[in-house]
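Take the sequence shown: its position 324, counted from the start at 1, is 342 in this note's numbering, and no numbers get skipped.
From the three backbone atoms N, C-alpha and C, an ideal C-beta is built for every residue, glycine too.
These numbers come from a predicted model, not from an experiment.
Working notes for the structure below.
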Amino acid sequence: MSAFSEFADAMSSTGVKPVETAADMSRVAILGGGDDARLLAALCLAEGAEVTLFSAYGAELDALKSGVAVHGAGPVGAYQTNREDAPSIQTTAELDRAVAGAELIFLTGPIHKQRTYSMVLADHLSDGQALVLAPGRSMGALEAAWLLRVGGCEADVTLVEVQAAPYWFTTEGATLHLSEAGPAVAATLPSGRTSVLTALSKYLPNIAPTTSTLASGFADGSGLVEAPALLLGGAAMSDGGPTIPMGGVPLEENQSFRNLIGDDQQRVIEQMADERRKVAFRFGVRDLPSIDEWLATHAGAASGDGRRPVPSHAEAKKILRDVAIGSLEPLVSAARVAGCEVPVTKSMLQMISAALGADLAPAGRRLETVGVTADDLDDARKAMDRIAKGTR
Numbered sequence: 019m020s021a022f023s024e025f026a027d028a029m030s031s032t033g034v035k036p037v038e039t040a041a042d043m044s045r046v047a048i049l050g051g052g053d054d055a056r057l058l059a060a061l062c063l064a065e066g067a068e069v070t071l072f073s074a075y076g077a078e079l080d081a082l083k084s085g086v087a088v089h090g091a092g093p094v095g096a097y098q099t100n101r102e103d104a105p106s107i108q109t110t111a112e113l114d115r116a117v118a119g120a121e122l123i124f125l126t127g128p129i130h131k132q133r134t135y136s137m138v139l140a141d142h143l144s145d146g147q148a149l150v151l152a153p154g155r156s157m158g159a160l161e162a163a164w165l166l167r168v169g170g171c172e173a174d175v176t177l178v179e180v181q182a183a184p185y186w187f188t189t190e191g192a193t194l195h196l197s198e199a200g201p202a203v204a205a206t207l208p209s210g211r212t213s214v215l216t217a218l219s220k221y222l223p224n225i226a227p228t229t230s231t232l233a234s235g236f237a238d239g240s241g242l243v244e245a246p247a248l249l250l251g252g253a254a255m256s257d258g259g260p261t262i263p264m265g266g267v268p269l270e271e272n273q274s275f276r277n278l279i280g281d282d283q284q285r286v287i288e289q290m291a292d293e294r295r296k297v298a299f300r301f302g303v304r305d306l307p308s309i310d311e312w313l314a315t316h317a318g319a320a321s322g323d324g325r326r327p328v329p330s331h332a333e334a335k336k337i338l339r340d341v342a343i344g345s346l347e348p349l350v351s352a353a354r355v356a357g358c359e360v361p362v363t364k365s366m367l368q369m370i371s372a373a374l375g376a377d378l379a380p381a382g383r384r385l386e387t388v389g390v391t392a393d394d395l396d397d398a399r400k401a402m403d404r405i406a407k408g409t410r
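Right under this line is the structure:
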């Protein structure tokens, strides 16, 4: 077995016997009060789960007092909060009470919040619980596992890395307008805990299980799709979608994320995809999604059903920040270990840092930031093996 294959195996298995988990995982905790958290809370409540939503922010909890309304695709309806006489989303500002007894815990929000949750949860988890990062992007589960151990967590929990939510959405007050998203690769750490993914699919029906979080991390195409779409516009590069005649007004149904991607952006996406495939191959991961599959997952349809809305300027900046930290920098880190050059990915990372006015690379997920010495492949493999088995 090659050193790269051994490295891959170390990332995908702890060597610990899987603990028993609840068959249905009907007690759910949602950490975070943003729009993505409200979506997950509604999806879980619609499937009959007992849902508790935690937020440390008064404004988020206040916004939930009127409940969550869902229009469009998905479980359409009104979902109330804090009712004692009917099923509802229970809200709390107490983290320990939110996760106590929960079988399934969602870590939501941007990466810096997911990192915070991973640290503060260390003292509050029990054997058999599952933590879901949606989206986990690249190395999400591995980073969370490392932070939990740094925080002193000794519980045998399952981490789940999911690459996308089952619906795109726009918000209007307390209302979420949904459109169905494409398949999302998912895996567990440690690998092989298929019962967790089976239970999770009730709430996230678009998940496509894969063998390990190493495979799901390389299958993360968010950076190679979202960065070119959001950064590379203007006169030099034409967007996709139908041509608008002089004086014409674009139809609302054609205002989609997919139509930000024209032939020029597509060529950049293909080059970034080639770089990701090259690094993944060195790590023993070969069966990655096609370009069309990555576009379906991260860009959605050009119009109609499955259309991903175009984000606002503020939201686009948040997306780019997570893309840099959680998708592009992890690939650059893995490429250094693999001895591969990824010039287009590096350039895109530099462009994002320039656009946001901050060097995001130091904040990115890198092997060395999760306790892996990346200067030498053999040392990195041994360190990863210790982390994966819980001995470091």
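Exercise. If we ignore side chains and look at the alpha-carbon of each, how far apart do Leu248 and Arg101 end up?
Worked result: The residue labelled residue 248 in the question sits at position 230 within the sequence shown. The residue labelled residue 101 in the question sits at position 83 within the sequence shown. Those two C-alpha atoms are separated by around 41 Å.
Whole angstroms is fine: what's the gap from Gln284's alpha carbon to Val362's?
If you number the sequence shown from 1, residue 284 lands on position 266. If you number the sequence shown from 1, residue 362 lands on position 344. Each residue's alpha carbon lies about 13 Å from the other.
- Closest residue to Ile225 among Thr110, Ala120, Thr315 (Cα-Cα distance): Residue 225 sits at position 207 when you count from the first residue of the sequence shown. Comparing Cα-Cα distances from Ile225 to each of Thr110, Ala120, Thr315, the minimum goes to Thr315.
Check whether the stretch 293-308 touches the stretch 343-363, counting contact only when three or more Cβ pairs, one atom from each stretch, lie closer than 8 Å.
yes
Who pairs with Ile107 in a beta bridge, going by DSSP? Sequence index remark: in the sequence shown, residue 107 carries index 89 (1-based). Answer is Thr99.
### Message
Quick check: Val243 and Ile279, are their CB atoms within less than 9 Å of each other?
### Response
By one-based count along the sequence shown, residue 243 stands at place 225. By one-based count along the sequence shown, residue 279 stands at place 261. For Val243 and Ile279, yes; Cβs fall inside 9 Å.
message: Quick check on DSSP: helix, strand or coil for Glu198?
response: Here residue 198 refers to the residue found at position 180 of the sequence shown. The answer is strand: DSSP assigns Glu198 an E or B state.
Original post:
Sorted by chain position, which residues of the same chain lie with C-beta nearer than 7 Å to Glu112's C-beta, five sequence neighbours on each side aside?
Top reply: Position 94 of the sequence shown, counted from the first residue, corresponds to residue 112. Same-chain partners within the cutoff: there are none.
(request) Determine the closest residue to Gln181 out of Val168, Leu196, Val203, Ala163, with distance taken between C-alpha atoms. (result) Working through the sequence shown from its first residue, we reach residue 181 at position 163. The option with the nearest alpha carbon to Gln181 is Val203.
Terminal residues of the alpha helix (DSSP H) in which Thr176 lies: Sequence index remark: in the sequence shown, residue 176 carries index 158 (1-based). From DSSP, Thr176 is part of no alpha helix (DSSP H) but of the beta strand (DSSP E) over 176-180.
- [ ] Look up His142 in the DSSP assignment and say whether it is helix, strand or coil.
- [x] Along the sequence shown, read from residue 1 onward, the residue named residue 142 stands at position 124. Of the three classes helix, strand and coil, the one that applies to His142 here is coil, per DSSP.
Give me, in chain order, the residues of the same chain whose beta-carbon lies closer than 8 Å to that of Thr188; leave out the 5 immediate sequence neighbours on both sides. Mapped onto the sequence shown, residue 188 falls at position 170. Leu194, His195, Pro327, listed in sequence order.
Could you compute how far the alpha carbon of Arg383 sits from the alpha carbon of Gly191? The residue given as residue 383 occupies position 365 in the sequence shown. The residue given as residue 191 occupies position 173 in the sequence shown. Approximately 34 Å between the Cα atoms of the pair.
Check: Going by other Cβ atoms of all chains shown within 10 Å of its Cβ, with 16 needed for buried, is Glu359 buried or exposed?
Finding: The sequence position of residue 359 within the sequence shown is 341, counting from 1. Exposed is the call here.
Problem - Three-pair Cβ contact test at 8 Å for the stretch 167-183 versus the stretch 140-156 - result: yes
Helix, strand or coil for Ser345? Go by DSSP, reduced to three states.
Mapped onto the sequence shown, residue 345 falls at position 327. Three-state DSSP puts Ser345 in a helix.
If you reduce the DSSP assignment to three classes, tell me which class Pro235 lands in. Position 217 of the sequence shown, counted from the first residue, corresponds to residue 235. Checking the sequence shown, residue 235 turns out to be Gly, not Pro. Correct three-state label for Gly235: helix.
query = How about Leu245 and Gly318: are their beta carbons less than 9 Å apart?
reply = The residue you call residue 245 lines up with position 227 of the sequence shown. The residue you call residue 318 lines up with position 300 of the sequence shown. Residue 245 is actually Ala in this sequence, not Leu. Their beta carbons are not under 9 Å apart, which means Ala245 does not touch Gly318 by this criterion.
Notebook entry, point to check: Per DSSP, Val46 forms a beta bridge with which residues?
Noted result: In the sequence shown, counting from the first residue as 1, residue 46 sits at position 28. Looking at the DSSP assignment, Val46 forms a beta bridge with Val69, Leu122.
Residues bridged to Leu149 [DSSP beta-bridge criterion] = Within the sequence shown, numbered from 1, the residue matching residue 149 stands at position 131. Its beta-bridge partners are Ile123, Leu177.
Quiz item: So Ala192 is in the alpha helix (DSSP H); what residue range does that whole segment cover?
Solution: As a working mapping, residue 192 is identified with position 174 in the sequence shown. That residue, Ala192, is in no alpha helix (DSSP H); it is neither H nor E in DSSP.
task: Take Ser414 as the anchor and find which of Gly127, Pro128, Ile123 has the nearest alpha-carbon.
output: Limits of the chain in this structure are 19 at one end and 410 at the other, which puts residue 414 out of reach.
| query | When burial is assigned at 16 or more other CB atoms within 10 Å of the CB, is Ser84 buried or exposed? | reply | The count along the sequence shown starts at 1 and reaches residue 84 at position 66. It counts as exposed.
task = Reducing DSSP to helix, strand and coil, say where Arg294 ends up.
result = For the purposes of this step, residue 294 is identified with residue 276 of the sequence shown, where counting begins at 1. Three-state DSSP puts Arg294 in a helix.
Would you check if the distance between the CB atom of Leu17 and the CB atom of Met366 is smaller than 9 Å?
Residue 17 falls outside the range modelled here, since the chain spans only 19 to 410, and no answer is possible.
*Contact set for Phe72: own chain, Cβ-Cβ below 6 Å, skip 5 residues either direction*: Taking the first residue of the sequence shown as 1, we reach residue 72 at position 54. Closer than 6 Å at the Cβ level, and outside the excluded window around Phe72, lie Leu49, Thr110, Leu113, Ala116.
Cβ-Cβ distance between Val86 and Ile107 below 9 Å: Within the sequence shown, numbered from 1, the residue matching residue 86 stands at position 68. Within the sequence shown, numbered from 1, the residue matching residue 107 stands at position 89. Their beta carbons are under 9 Å apart, which means Val86 touches Ile107 by this criterion.
**Asked** Ends of the alpha helix (DSSP H) at Gly252?
**Response** On the sequence shown, residue 252 is found 234 positions in, with the first residue counted as 1. Neither: Gly252 is in no alpha helix (DSSP H) and is coded neither H nor E.
Element boundaries [alpha helix (DSSP H), containing Val362]:
In the sequence shown, residue 362 corresponds to position 344, counting from 1. Per DSSP, Val362 belongs to the alpha helix (DSSP H) from 361-374.
Contacting residues, own chain, Cβ-Cβ under 7 Å from Ile309 (five flanking each side not counted)
By 1-based counting over the sequence shown, the position of residue 309 is 291. Counting only Cβ-Cβ distances below 7 Å, and skipping sequence neighbours, we find Ile287, Glu288, Ala291.
Rounded to whole angstroms, what is the Cα-Cα separation between Arg295 and Gly375? Residue 295 sits at position 277 when you count from the first residue of the sequence shown. Residue 375 sits at position 357 when you count from the first residue of the sequence shown. Their backbone Cα atoms lie some 30 Å apart in a straight line.
Checklist entry - Under a three-way DSSP split, which group does Val214 fall into? => result Taking the first residue of the sequence shown as position 1, residue 214 is located at position 196. Helix at Val214.
By how many angstroms is the C-alpha of Leu215 removed from the C-alpha of Gly235?
-> For the purposes of this step, residue 235 is taken as residue 217 along the sequence shown, with counting starting at 1. For the purposes of this step, residue 215 is taken as residue 197 along the sequence shown, with counting starting at 1. Computed Cα separation, rounded: 16 Å.
Inset, instruction - Quick one: residues in its chain with C-beta nearer than 8 Å to the C-beta of Cys171, no 5 flanking neighbours on either side, listed in chain order? - result: For the purposes of this step, residue 171 is identified with residue 153 of the sequence shown, where counting begins at 1. The residues are Leu139, Ala140, Asp141, Leu143.
### Task
Classify Thr206 as helix, strand or coil using the three-state DSSP reduction.
By 1-based counting over the sequence shown, the position of residue 206 is 188. Strand at Thr206.
Problem set entry | Secondary structure of Ala317, DSSP reduced to three states | Taking the sequence shown and counting its residues from 1, one reaches residue 317 at position 299. It is coil, neither helix nor strand.
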